[in-house]
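A.B. asks:
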Amino acid sequence: MADDTASPIVSAFDLRSDLSGALHEWRGLLGEANVLTDAGTRDHYARSTSSFSRRPAAILKPGTRDEVVEVVSIASRCRTPLYPISTGQNWGYGDACAVFDGQVIVDLGRLNRIVQVDSELGYVVIEPGVTQRQLSHHLAEQGVPFWIDCTGAGPNSSLIGNIVERGFGHSPYGNRFQTISGMEVVLGTGEVLRTGFGQYPQAKTTHLYPYGIGPYLDGIFTQSNFGIVIRLGLWLQPIPESFCPYIVLFKEDQNLLDAIPRLQKLRLDRILQSVSHIGNDLRAFAADAPFPRDRLPGHARLTPEVRAQLRKEAGIGAWSMSGAFYGSSRQVALHKKLLKAALAGVNAKVVFLPGYILAAGQWFARHFGHLAPFHGLEKKIRLGAALAGMHSGKPTGAFLRGCYWRHQAGVPADFSDDTDLARERIGIMWMAPIIPFRREDLAQLNQEMDALFGRFDFDCHVTVNMINERALAAVYTIEYDTEDEAETRRGIECYEAGVHRLFELGYPLYRASVRGMQLLASQREAGSCDAVDRLKRALDPGAIIAPGRYDGLKAGRD
């Protein structure tokens, strides 16, 4: 039975909410097992890696499109705010938490159907609960000659959940929003909207041409609270004849800066096809082991001497870039030559990782890895294999190891692809600005952020991603110890100061955490906020869906 003694929180932004009436109707619709109000479950959904816990009033688990429609209709009648999630693995940005206490979480994990697979034209139609692992396995089992694009969030993360945040992966299809066509959305009124050609019931091209005819609406249902996306078409990447991952090592910061104009030209010329990721040495250290407290007791940040020593031990430089080439054998061979030629005048080491090299490395590490000259080889080969897999449609949780940098207990012995960072009490907050694909901007921003992180006594973990031909998506990670109250407070202060500084410098975030929603409103022009508010009133007049999410915090309605 549901535990109503747990004192569900009444929404602080709409005291006219009839939560008890809504819960009664939802139980009749979904059954007791899918309407949860007990304290333990609410606590579970309130956990957060970003030190921004928000306790829901209840959790609903609809299993069909029609149930979602009814859930929203009931919420509208009872003026009870909802907060939809897909799998709740929005690590570092809020996890499964709503923007405010007292919202009702709509967990869409049970909507996990792969509705359609077109193995000729290369697209699927999926629901929000479909995970990276599920779709990857399904395509492989059915022999569909296409790959998915993968993010590093882990195999159990939702594809739609990432797409509606306009997240990105690693492959040529890594700018994920550009690979969707045709959404199905439940509006705040309970109406169902089909975008693009989906508005025509007989259309055969809904998932082939995203724009349809007339106004193009898909974008307004990403990073918004106008509706609940319950289905969309997703394009897949054809499996190429030839595939070759690569890593580029830059010894010093200046070497990367010297390479940026050359890399931008390669990206602009479509030689670099994938969303290449460039991480600093701290990201590499964290992926291998947690903060070396034994070398620096009482410290929260590496000293320059220890940082230099860790680089030497790991055999890396200041920055490492990963990507992959796809195409015919001749295309891949040519692109490899062009990359090496472009970087010939830069202090950079290019390492190609075709399948036979990784297989040989795995064999060698098994047989000779115990010998002193080859210590650490197995880890490097394992990392290379994980990178290759992620660039070829095989999701992995391997890179979540880097989130344990400040965790006192370190990486658990039973760490796996199924790790739950919120359950592990990991502390991470991500600031992700978009910057011009220019060395001057990257140099300025890295200098500014390193100084800011230093002011709050944190290591500045950075990844720079080639999101398109003209812009970079930079991700600055605050890793903090959740067991240390003072360090947690510093992390929050660092995040808020960092966001303000990014806007001052002209580098807005491409994506916000639930903590950052309130920081966005003060940066926007009034006209933009008013336009978003008018759209909200039209599509969700009762402000039922995710109040406070990307909407200028206009949470209630008169």
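When we follow full-length UniProt numbering, the leftmost residue of the sequence shown carries the number 1, and every step to the right adds one.
Even glycine gets a Cβ: it sits at the ideal position worked out from N, Cα and C.
(1) How should Met406 be labelled, buried or exposed, when 16 other C-beta atoms within 10 angstroms of its C-beta is the threshold for buried?
(2) Taking the alpha carbon of Ile435 as the reference point, which residue from Leu509, Ala451, Ala33 has its own alpha carbon closest?
(3) Starting from His277, follow its DSSP beta bridges and name the residues at the other end.
(4) Closer than 8 Å is the cut-off here; do at least three beta carbon pairs connect the stretch 149 to 165 with the stretch 383 to 397?
(5) Are Leu272 and Val124 touching if we call contact CB-CB under 8 Å?
(6) Count the other C-beta atoms from every protein chain shown that fall within 10 angstroms of the C-beta of Pro8, then say buried if there are 16 or more, exposed otherwise.
(7) Would you tell me roughly how many angstroms separate the C-alpha atoms of Phe168 and Gly196, rounded to the nearest one?
(8) Using alpha carbons as the reference points, say which of Arg489, Gln447, Arg490, Pro547 lies closest to Leu502.
(9) Identify, in the order they occur along the chain, each residue of the same chain with its Cβ nearer than 6 Å to the Cβ of Pro354, setting aside the five sequence neighbours on each side.
(10) Measuring straight from C-alpha to C-alpha, what distance separates Met1 and Ile230?
(11) Rounding to the nearest angstrom, what Cα-Cα distance links Thr303 and Ala388 in this structure?
(12) My assumption, with CB atoms under 8 Å, is that Ala422 sits in contact with Thr131. Please give the rounded CB distance.
(13) From Gly214, Asp420, Gly102, pick the residue whose C-alpha is nearest to that of Asp18; which is it?
(14) Using 10 angstroms around the beta-carbon of Phe458, count the other beta-carbons present and answer buried if the total reaches 16, otherwise exposed.
(15) From Asn280, Ser416, Val68, pick the residue whose C-alpha is nearest to that of Asn465; which is it?
(16) Looking only at DSSP bridge pairs, what is Trp430 linked to?
(17) Three-state secondary structure (DSSP) at Lys251?
(18) For Arg301 and Val104, what's the separation of their Cα atoms in angstroms?
(19) Check whether the Cβ atoms of Ala520 and Cys494 sit closer than 8 Å, and answer yes or no.
(20) Are any of the Cβ atoms in chain D nearer than 8 Å to that of Thr303?
(21) In whole angstroms, what is the alpha-carbon distance linking Leu383 and Thr64?
(22) Between the alpha carbons of Ile478 and Ala344, how many angstroms are there, rounded?
(23) Can you give me the start and stop residues for the alpha helix (DSSP H) that Gly39 sits inside?
(24) Alpha carbon to alpha carbon, how far is Ala413 from Val186?
(25) How many angstroms separate the CA atom of Leu133 from the CA atom of Gly161?
(26) Quick one: residues in its chain with C-beta nearer than 7 Å to the C-beta of Val350, no 5 flanking neighbours on either side, listed in chain order?
(27) Return the Cβ separation of Arg283 and Thr463 in integer angstroms, given the expectation that the two are a contact with Cβ distance under 8 Å.
(28) Could you give the distance in angstroms between the alpha-carbon of Trp91 and the alpha-carbon of Gln408?
(29) What do you get for Glu70, buried or exposed, if any count of 16 or more other CB atoms within 10 angstroms of its CB means buried?
(30) In its own chain, which residues sit with a C-beta less than 8 Å from the C-beta of Thr205, not counting the 5 before and 5 after it?
(31) I'd like to know whether the C-beta atoms of His170 and Ser76 end up nearer to each other than 8 Å.
(32) What are the start and end residues of the beta strand (DSSP E) that includes Tyr83?
(33) Can you tell me whether Pro373 is buried or exposed, with buried defined as 16 or more other CB within 10 angstroms of its CB?
(34) Tell me whether residue 631 sits in a helix, a strand or coil according to DSSP, three-state version.
(35) Express the C-alpha separation of Ile428 and Lys223 in angstroms, rounding to a whole number.
(36) Where does Arg557 fall in DSSP's three states?
C.D. replies: Looking at the atomic coordinates:
(1) Residue numbering aside, residue 406 sits at position 406 when the sequence shown is read from its first letter. The residue you asked about is not Met; residue 406 is Arg in the sequence shown. The residue is buried, with at least 16 neighbouring Cβ atoms inside 10 Å.
(2) The residue you call residue 435 lines up with position 435 of the sequence shown. Nearest of Leu509, Ala451, Ala33 to Ile435, Cα basis: Leu509.
(3) Locating residue 277 in the sequence shown gives position 277, counting from the first residue. Note: His277 sits in a beta bridge opposite Ser322, Asn465.
(4) yes
(5) Against the sequence shown, residue 272 aligns to sequence position 272. Against the sequence shown, residue 124 aligns to sequence position 124. The answer is no: Cβ separation not under 8 Å.
(6) Position 8 of the sequence shown, counted from the first residue, corresponds to residue 8. Bear in mind that a pLDDT of 36 at Pro8, under 50, signals an unreliable position, so the number given afterwards is only what the model happens to contain. When all chains shown are included, Pro8 counts as buried.
(7) As a first step, residue 168 must be located in the sequence shown, where it is residue number 168. As a first step, residue 196 must be located in the sequence shown, where it is residue number 196. C-alpha separation (whole angstroms): 22 Å.
(8) Counted from its first residue, the sequence shown places residue 502 at position 502. Closest by alpha carbon: Gln447.
(9) On the sequence shown, residue 354 is found 354 positions in, with the first residue counted as 1. Answer for Pro354: Cys244, listed in chain order.
(10) As a first step, residue 1 is located in the sequence shown; it is residue number 1 there, counting from the start. As a first step, residue 230 is located in the sequence shown; it is residue number 230 there, counting from the start. For Met1, the predicted structure reports a pLDDT of 34, less than 50, and the residue's modelled location is therefore unreliable. A value from the coordinates is still provided. If you take the alpha carbons of Met1 and Ile230, they lie about 28 Å apart.
(11) Indexing the sequence shown from 1 puts residue 303 at position 303. Indexing the sequence shown from 1 puts residue 388 at position 388. Looking at the two C-alpha atoms, the distance is approximately 33 Å.
(12) Sequence index remark: in the sequence shown, residue 422 carries index 422 (1-based). Sequence index remark: in the sequence shown, residue 131 carries index 131 (1-based). Actually they do not touch by this definition, with Cβ atoms about 17 Å apart.
(13) Taking the first residue of the sequence shown as position 1, residue 18 is located at position 18. Selected option, being the one with the closest Cα: Gly102.
(14) Numbered from 1 along the sequence shown, position 458 holds the residue referred to as residue 458. Buried, because 16 or more other Cβ atoms sit within 10 Å of the Cβ of Phe458.
(15) Counting from one through the sequence shown, the residue named residue 465 turns up at place 465. Checked all of Asn280, Ser416, Val68; the closest Cα to Asn465 is Asn280.
(16) The residue given as residue 430 occupies position 430 in the sequence shown. According to DSSP, which records beta bridges pairwise, Trp430 is partnered with Thr477.
(17) Against the sequence shown, residue 251 aligns to sequence position 251. Lys251: coil per DSSP, three-state reduction.
(18) Within the sequence shown, the letter at position 301 stands for residue 301. Within the sequence shown, the letter at position 104 stands for residue 104. Spanning the two alpha carbons is a distance of roughly 39 Å.
(19) Here residue 520 corresponds to residue number 520 of the sequence shown, with the count starting at 1. Here residue 494 corresponds to residue number 494 of the sequence shown, with the count starting at 1. It is Leu, not Ala, that sits at residue 520 in the sequence shown. The answer is no: Cβ separation not under 8 Å.
(20) Judged by its chain identifiers, the structure shown contains no chain D, having just a single protein chain.
(21) Counted from its first residue, the sequence shown places residue 383 at position 383. Counted from its first residue, the sequence shown places residue 64 at position 64. Each residue's Cα considered, the two are about 39 Å apart.
(22) Looking up residue 478 in the sequence shown gives position 478. Looking up residue 344 in the sequence shown gives position 344. Cα-Cα distance, rounded: 34 Å.
(23) The residue labelled residue 39 in the question sits at position 39 within the sequence shown. The sequence given here has Ala at residue 39, not Gly. From DSSP, the alpha helix (DSSP H) with Ala39 extends over 39 to 46.
(24) Residue 413 sits at position 413 when you count from the first residue of the sequence shown. Residue 186 sits at position 186 when you count from the first residue of the sequence shown. Computed Cα separation, rounded: 43 Å.
(25) Against the sequence shown, residue 133 aligns to sequence position 133. Against the sequence shown, residue 161 aligns to sequence position 161. The sequence as given places Arg at residue 133; Leu does not occur at that position. Each residue's alpha carbon lies about 14 Å from the other.
(26) Position 350 of the sequence shown holds residue 350. The residues are Tyr246, Val248, Leu339, Lys340, Leu343.
(27) To locate residue 283, count along the sequence shown from 1; it is residue 283. To locate residue 463, count along the sequence shown from 1; it is residue 463. So it is a contact: roughly 6 Å between Cβ atoms.
(28) For this step, residue 91 is matched to residue 91 along the sequence shown. For this step, residue 408 is matched to residue 408 along the sequence shown. In a straight line, the C-alpha of Trp91 is about 19 Å away from that of Gln408.
(29) The residue labelled residue 70 in the question sits at position 70 within the sequence shown. By the 10 Å Cβ count, Glu70 comes out buried.
(30) Your numbering for residue 205 matches position 205 in the sequence shown. Correct list, in chain order: Phe197.
(31) As a working mapping, residue 170 is identified with position 170 in the sequence shown. As a working mapping, residue 76 is identified with position 76 in the sequence shown. No, these two residues do not count as a Cβ contact at 8 Å.
(32) Taking the first residue of the sequence shown as position 1, residue 83 is located at position 83. Unbroken beta strand (DSSP E) run through Tyr83: 82 to 85.
(33) Your numbering for residue 373 matches position 373 in the sequence shown. It counts as exposed.
(34) Any answer about residue 631 is impossible in this case: the structure gives the chain only from 1 up to 558.
(35) Along the sequence shown, read from residue 1 onward, the residue named residue 223 stands at position 223. Along the sequence shown, read from residue 1 onward, the residue named residue 428 stands at position 428. At residue 223 the sequence reads Gln, which differs from the Lys that was named. Each residue's Cα considered, the two are about 21 Å apart.
(36) On the sequence shown, position 557 is the one that residue 557 refers to. Residue placement at Arg557 is poorly supported in this model, since its pLDDT is 38, which falls under 50; the coordinates still yield a value, given next. In the structure shown, Arg557 sits in coil (DSSP, three-state: anything other than H, G, I, E or B).
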